[in-house]
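Counting from 294, one number per residue, gives the positions in the sequence shown under my numbering.
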Amino acid sequence: MTRDEVLDIVRRHLADELEVDADAIGEDTRLKEDLEADSLDLFTLVQELDDSHGVKLPDDEASRITTVGEAADCVLRHLPAGA
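Below, the structure written as C-alpha cells:
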C-alpha cells in the first residue's frame, strides 16, 4: 500500500466520522485543532485501521499523532507484511 493510498483511507475515515468534506482534509491538517477530533475519534480511527487493514498501532504511538500525515506515516510503519 502506498502513502497516498493510506492518506486517502485516513482522510475518508475522518471525513465520515467527523462529518466534514474529505477534500478539506490535507496531510498537514491537525486532528484536534483543525478537525476538532477528540481522543475517542482517534481511537475509532485506530480501531478501523486495525479491523480493515490489520494495522496494530501501539497506544503510546497513536496518542502522539497530531496531523493526518503523521497518522498515515504511523500506519505505514505498522502495516502487516504484504499489505
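Every residue, glycine too, gets a C-beta built ideally from N, C-alpha and C.
Below 8 Å, too few C-beta pairs join the stretch 345 to 358 and the stretch 307 to 314 to call them touching: fewer than three. Below 8 Å, enough C-beta pairs join the stretch 321 to 334 and the stretch 356 to 371 to call them touching: three or more. Per DSSP, the unbroken alpha helix (DSSP H) holding Ala308 starts and ends at Arg296 to Leu311. Under the three-state reduction of DSSP output, Thr360 falls in the strand class. Contact check for Val299 against Val368 passes: the beta carbons are separated by less than 8 Å.
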